[in-house]
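Enquirer:
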Amino acid sequence: MASIFRTLADLWSLVVGLGITGKEFCKPGVTVHYPRAEVTPEAAASFRGPIELIGLDKDPAKPKCIACMLCVSACPSNCIAVTRAPTPKPTPEELKAMAEAEARGEKPKKPAPPKAPGTWTYDFSLCSLCGSCVEVCPVDSIGFSHDIYMVGTRREDFVFDQLARLARKAAARKAEPKKAAPEAASAPAPAPETAATPASEA
Amino acid sequence: MHSTETLRSHGTACPATSADGGCTDDQIAGDGYTCRFEQGARPESLILNMGPQHPSTHGVLRVLLELDGEYIVRAEPVLGYLHRMHEKMAEVKTPAQFMPNMGRVDYLHALAWNWAYVGAVEKLAGIEIPERAEYLRVITCELNRISSHLLWWGAYLLDLGAFTPIMYAFDDREMLLDLLQLMTGSRLTYSSFRFGGVYTDAGPAFVQGVRQFIPHLRSRLPMYTALVTENIILRRRIEEVGVIPQDMVTRYGASGPVARGSGIAYDVRRAEPYSVYDRFDYEIPVRHEECSMARYMVRMAEIEQSLRIIEQAIESLPEGEHMHPKAPKPSFKLPAGESYFAVEGARGKIGVWIASDGGKTPYRVKLRAPGFSNLALFAECARGTLLADAVAILGSLDMVIPEIDR
Numbered sequence: 038m039a040s041i042f043r044t045l046a047d048l049w050s051l052v053v054g055l056g057i058t059g060k061e062f063c064k065p066g067v068t069v070h071y072p073r074a075e076v077t078p079e080a081a082a083s084f085r086g087p088i089e090l091i092g093l094d095k096d097p098a099k100p101k102c103i104a105c106m107l108c109v110s111a112c113p114s115n116c117i118a119v120t121r122a123p124t125p126k127p128t129p130e131e132l133k134a135m136a137e138a139e140a141r142g143e144k145p146k147k148p149a150p151p152k153a154p155g156t157w158t159y160d161f162s163l164c165s166l167c168g169s170c171v172e173v174c175p176v177d178s179i180g181f182s183h184d185i186y187m188v189g190t191r192r193e194d195f196v197f198d199q200l201a202r203l204a205r206k207a208a209a210r211k212a213e214p215k216k217a218a219p220e221a222a223s224a225p226a227p228a229p230e231t232a233a234t235p236a237s238e239a
Numbered sequence: 002m003h004s005t006e007t008l009r010s011h012g013t014a015c016p017a018t019s020a021d022g023g024c025t026d027d028q029i030a031g032d033g034y035t036c037r038f039e040q041g042a043r044p045e046s047l048i049l050n051m052g053p054q055h056p057s058t059h060g061v062l063r064v065l066l067e068l069d070g071e072y073i074v075r076a077e078p079v080l081g082y083l084h085r086m087h088e089k090m091a092e093v094k095t096p097a098q099f100m101p102n103m104g105r106v107d108y109l110h111a112l113a114w115n116w117a118y119v120g121a122v123e124k125l126a127g128i129e130i131p132e133r134a135e136y137l138r139v140i141t142c143e144l145n146r147i148s149s150h151l152l153w154w155g156a157y158l159l160d161l162g163a164f165t166p167i168m169y170a171f172d173d174r175e176m177l178l179d180l181l182q183l184m185t186g187s188r189l190t191y192s193s194f195r196f197g198g199v200y201t202d203a204g205p206a207f208v209q210g211v212r213q214f215i216p217h218l219r220s221r222l223p224m225y226t227a228l229v230t231e232n233i234i235l236r237r238r239i240e241e242v243g244v245i246p247q248d249m250v251t252r253y254g255a256s257g258p259v260a261r262g263s264g265i266a267y268d269v270r271r272a273e274p275y276s277v278y279d280r281f282d283y284e285i286p287v288r289h290e291e292c293s294m295a296r297y298m299v300r301m302a303e304i305e306q307s308l309r310i311i312e313q314a315i316e317s318l319p320e321g322e323h324m325h326p327k328a329p330k331p332s333f334k335l336p337a338g339e340s341y342f343a344v345e346g347a348r349g350k351i352g353v354w355i356a357s358d359g360g361k362t363p364y365r366v367k368l369r370a371p372g373f374s375n376l377a378l379f380a381e382c383a384r385g386t387l388l389a390d391a392v393a394i395l396g397s398l399d400m401v402i403p404e405i406d407r
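Protein chains in written order, with my numbering: chain C, 38 to 239; chain B, 2 to 407.
#1: Exposed or buried, which one is C/Tyr71 when buried takes at least 16 other CB atoms within 10 Å?
#2: Considering Cα atoms alone, identify which of B/Gly81, B/Arg261, B/Leu65, B/Asp69 is closest to B/Pro44.
#3: Would you decide whether C/Thr77 is buried or exposed? Buried here means 16 or more other CB atoms lie within 10 Å of its CB.
#4: From the DSSP output, in three-state form, read off C/Leu166 for me.
#5: Let me know if B/Thr226 comes out buried or exposed under the rule of 16 or more other beta-carbons within 10 Å of its beta-carbon.
#6: Cα-Cα, which of B/Gln209, B/Arg365, B/Arg237, B/Pro78 is closest to C/Thr44?
#7: For C/Thr58, decide whether its Cβ has a neighbour in chain B, counting only Cβ atoms nearer than 7 Å.
#8: Would you report the Cα separation of C/Pro87 and B/Met294, rounded to the nearest angstrom?
#9: If the cut-off is 7 Å on Cβ atoms, which residues from the region 216–236 of chain B count as contacting chain C, listed in chain order?
#10: Would you call the region 152–164 of chain B and the region 211–222 of chain B in contact, with 3 or more CB pairs under 8 Å?
#11: Please give me, in chain order, every unbroken run of the beta strand (DSSP E) with length at least 3 that falls completely inside the region 112–147 of chain C.
#12: Does the region 320–335 of chain B come within contact of the region 140–150 of chain B, defined as at least 3 CB pairs closer than 8 Å?
#13: Out of B/Val392, B/Asp406, B/Ala126, B/Thr230, which has the shortest C-alpha to C-alpha gap to B/Glu71?
#14: Any residues in the region 42–68 of chain C with a beta carbon nearer than 8 Å to a beta carbon of chain B? Which ones, in chain order?
#15: Taking the beta carbon of B/Asn483 as the centre, do at least 16 other beta carbons fall within 10 Å, making it buried, or is it exposed?
#16: Hey, would you say B/Arg63 sits closer than 7 Å to B/Val79, going by beta carbons?
#17: Answer yes if the region 354–363 of chain B comes into contact with the region 229–248 of chain B, meaning at least three C-beta pairs across the two stretches below 8 Å, and no otherwise.
#18: Just list the alpha helix (DSSP H) runs in the region 94–149 of chain B, keeping only unbroken ones of 4 residues or longer that don't cross its boundaries, in chain order.
#19: Among B/Pro336, B/Arg384, B/Gly349, B/Ile394, which one has its Cα closest to the Cα of B/Glu123?
#20: Using the beta-carbon count (16 or more within 10 Å), is B/Met224 buried or exposed?
#21: Going by DSSP in three states, B/Leu395 sits in which element: helix, strand or coil?
#22: Please classify B/Pro246: does DSSP put it in a helix, a strand, or coil?
#23: So B/Tyr200 contacts chain C; which residues on that side make the cut at Cβ distance below 7 Å?
#24: Can you list, in chain order, the residues of its chain with a C-beta nearer than 6 Å to that of B/Ser192? Leave out the 5 residues immediately preceding and following it.
#25: At a Cβ threshold of 7 Å, is B/Thr411 touching chain C?
#26: With DSSP run on the structure shown, which of helix, strand or coil describes B/Tyr82?
#27: Find out if the Cβ-Cβ distance for the pair B/Ala91, B/Val353 is shorter than 7 Å.
#28: Under 8 Å Cβ to Cβ from C/Pro123, same chain only, skipping five residues before and after it: list those, please.
#29: Whose C-beta lies closer than 7 Å to the C-beta of C/Pro148 among residues of the same chain, with five residues either side of it excluded?
#30: Express the C-alpha separation of B/Glu312 and B/Pro274 in angstroms, rounding to a whole number.
#31: Tell me where the alpha helix (DSSP H) around C/Ala98 begins and ends.
#32: So, under 8 Å CB-CB, B/Val287 and B/Lys350 are touching, yes? Tell me the CB distance rounded to an integer number of Å.
#33: Let me know if B/Leu378 comes out buried or exposed under the rule of 16 or more other beta-carbons within 10 Å of its beta-carbon.
#34: State yes or no: is the beta carbon of B/Leu183 nearer than 7 Å to at least one beta carbon in chain C?
#35: Does DSSP put B/Arg221 in a helix, in a strand, or in coil?
#36: Against B/Ala134, what residues of chain C qualify as contacts under a CB-to-CB distance less than 9 Å, listed in chain order?
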């Protein structure tokens, strides 16, 4: 007799479970039905997407980067390649001044290489998004994008020419009508880039 | 699945197997591992490959079984498919460069591995950590522990044939991941702890989110109990199945919920208190039944205890910096010496031992993965059980295969 009651009590646990499932069935869904719906930019704001360069406040198409190479050496996976911008050729006046200085026996004053990158290539396929480069950058020129829907079909799709990307982004921001104080770093990314930058000659 | 017939036909193609106990290179049928395993098979037994193995699938385990009818005569887990040379990589990368690896060793409780490595480096180099960072580490690590247990809960029931619970688990886990994303920037493979602090400071959104999440999960736990824990099908499948006596735990060095389910109250947070864990009031759940159900109950109780820790930590979160002002630059050199740091992960004791000769990179790093020891006892534990029970035992050990192979 006792075993019958125990069996009934045991079976009751199945009814309880079905009741929970039934109740949950009537509740609205909790998932985001991509691609019919997308995650809100606010929800993606803290997400670390592929890194991007941050432009100067005055000229958003030019990066703050001073080509100090700290990010290159900090990166665990060697996914960043930066070269310095070439030293400009000395003007005739400078050449003349240099020659004069040499004639006087002084050290000629050569023009210093500009503190700006010539190329800035980033291989997202190697990146583990650890944030070492973002942390180490002395001028805060690197930030995370919040591009969570990035896709590519070729390996080259994930190699970014960051300077070109920054220029494109700045142009796109200029073109679109002004919103309330667009911020360089935290503004939600504009339309997801359809064709990612093809591999530059890296 | 291999039937006895197919394996025996292998045997004829591979005659050298029986003679000296090893295949010659050109005669290996199937893979070498199966070949070696085959020899012990008795004529009436069946060799079964349980579980898939393929490099593109993540976190799957292959177990070779010798069956006598429905009963397991021998069981042998086959490891190495996910070996990624983490320990070797640690020797060629600077400590800061090795950090992202720690998020990939155990993808379910990545922050515990973050902590173990960061802790070992900080101990060796004598780096100080601000108090706020310690609290933030405790909070995020415990949140991560809950997310790990929730995923285990869903996946274990999935293994046992119950589909719905993982949906509820992921519903709650999603809120957790949103919170952890605020702090770490990622949702699974965190690389958030730094030598001398944590990557991001907790903003009001995080603190508020955690405060709301604690009562939310507490309100969901009774539903979990009613839906699953008290379900008679589950109870009949895992109660008194996979009994792991205490001496087996100690012989194999198992830890975490596996040890605590066998009545051994060992928890690194209590046994060798690190960080600020000694300031919180919480219990170490222990069960004495030694079966799969005991391990299940320990994990469910641990979720509640983790919530308790988080609640106390978030209320007493001190103001201050999240990075020590004297935190080293990424290019710093480790001083010569050795250090060992252990933390309590969701699967057990995680230990990192670093030996440095004062160079740019450590001389040797040893990662102690709890899953490896926990899995090691499976061969003995599964002997003599039913095939369906082997699944229940494996699941109750809470395996994360990348962690086992490292």
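Think of the CB as a built atom: it goes at the ideal place given N, C-alpha and C, for glycine as much as any other residue.
Expert: Well, looking at it:
#1: Sequence index remark: in the first sequence, residue 71 of chain C carries index 34 (1-based). Exposed.
#2: Indexing the second sequence from 1 puts residue 44 of chain B at position 43. Shortest Cα-Cα distance from B/Pro44 to any of B/Gly81, B/Arg261, B/Leu65, B/Asp69 involves B/Asp69.
#3: The sequence position of residue 77 of chain C within the first sequence is 40, counting from 1. The residue is exposed, with fewer than 16 neighbouring Cβ atoms inside 10 Å.
#4: In the first sequence, the residue the question calls residue 166 of chain C occupies position 129. In the structure shown, C/Leu166 sits in coil (DSSP, three-state: anything other than H, G, I, E or B).
#5: What you label residue 226 of chain B is simply residue 225 of the second sequence in a count that begins at 1. Flag for B/Thr226 reads exposed.
#6: Sequence index remark: in the first sequence, residue 44 of chain C carries index 7 (1-based). Cα-wise, what sits closest to C/Thr44 is B/Arg237.
#7: Within the first sequence, residue 58 of chain C is the residue found at index 21, counting from 1. Yes, C/Thr58 counts as interfacial toward chain B.
#8: Position 50 of the first sequence, counting from 1, holds the residue named residue 87 of chain C. Position 293 of the second sequence, counting from 1, holds the residue named residue 294 of chain B. If I take the Cα positions, the gap works out to 43 Å.
#9: Met224, Ala227, Leu228, Glu231, Asn232, Ile233
#10: no
#11: Within the region 112–147 of chain C, the runs of beta strand (DSSP E) at least 3 residues long that lie entirely inside it are, in chain order, 117–121.
#12: no
#13: Numbered from 1 along the second sequence, position 70 holds the residue referred to as residue 71 of chain B. Selected option, being the one with the closest Cα: B/Val392.
#14: Flagged, chain order: Asp47, Leu48, Ser50, Leu51, Val53, Gly54, Ile57, Thr58, Glu61, Val67.
#15: There is no way to answer for residue 483 of chain B, as the model of chain B reaches only from 2 to 407.
#16: In the second sequence, counting from the first residue as 1, residue 63 of chain B sits at position 62. In the second sequence, counting from the first residue as 1, residue 79 of chain B sits at position 78. Contact: yes.
#17: no
#18: Every alpha helix (DSSP H) of 4 residues or more that sits fully in the region 94–149 of chain B is shown, in chain order, as 96–106, 111–126.
#19: As a working mapping, residue 123 of chain B is identified with position 122 in the second sequence. Closest by alpha carbon: B/Pro336.
#20: If you number the second sequence from 1, residue 224 of chain B lands on position 223. B/Met224 is exposed by the Cβ-count criterion.
#21: For the purposes of this step, residue 395 of chain B is taken as residue 394 along the second sequence, with counting starting at 1. B/Leu395 falls in the helix class under three-state DSSP.
#22: Within the second sequence, numbered from 1, the residue matching residue 246 of chain B stands at position 245. Looking at B/Pro246 - three-state DSSP - the assignment turns out to be coil, as it is neither helix nor strand.
#23: As a working mapping, residue 200 of chain B is identified with position 199 in the second sequence. Per Cβ cutoff of 7 Å: Gly168.
#24: Reading the second sequence from its first residue, position 191 is the one you call residue 192 of chain B. So the qualifying residues of the chain are Met100, Pro101, Gly104.
#25: No answer is possible for residue 411 of chain B: the residues shown for chain B start at 2 and end at 407.
#26: On the second sequence, residue 82 of chain B is found 81 positions in, with the first residue counted as 1. In this structure, B/Tyr82 counts as coil in the three-state DSSP scheme.
#27: Within the second sequence, residue 91 of chain B is the residue found at index 90, counting from 1. Within the second sequence, residue 353 of chain B is the residue found at index 352, counting from 1. Cβ distance not < 7 Å, so B/Ala91 and B/Val353 don't count as in contact.
#28: As a position in the first sequence, residue 123 of chain C is number 86, starting the count at 1. Excluding sequence neighbours, C/Pro123 sits near Pro150, Gly155.
#29: Here residue 148 of chain C refers to the residue found at position 111 when the first sequence is read from its first residue. So the list reads Thr124, Pro125, Pro127, Glu131, once near-sequence residues are dropped.
#30: Counted from its first residue, the second sequence places residue 274 of chain B at position 273. Counted from its first residue, the second sequence places residue 312 of chain B at position 311. B/Pro274 and B/Glu312: Cα-Cα distance of roughly 19 Å.
#31: By 1-based counting over the first sequence, the position of residue 98 of chain C is 61. No alpha helix (DSSP H) contains C/Ala98, which DSSP labels as neither H nor E.
#32: Taking the second sequence and counting its residues from 1, one reaches residue 287 of chain B at position 286. Taking the second sequence and counting its residues from 1, one reaches residue 350 of chain B at position 349. The Cβ separation is near 16 Å, so there is no contact.
#33: In the second sequence, residue 378 of chain B corresponds to position 377, counting from 1. B/Leu378 should be labelled buried.
#34: Counting from 1 along the second sequence, the entry for residue 183 of chain B is found at position 182. Chain C contact via Cβ: present.
#35: Residue 221 of chain B sits at position 220 when you count from the first residue of the second sequence. Note: B/Arg221 maps to helix in three-state DSSP.
#36: Taking the second sequence and counting its residues from 1, one reaches residue 134 of chain B at position 133. Under the 9 Å cutoff, chain C gives no residues; its nearest Cβ is about 15 Å from B/Ala134.
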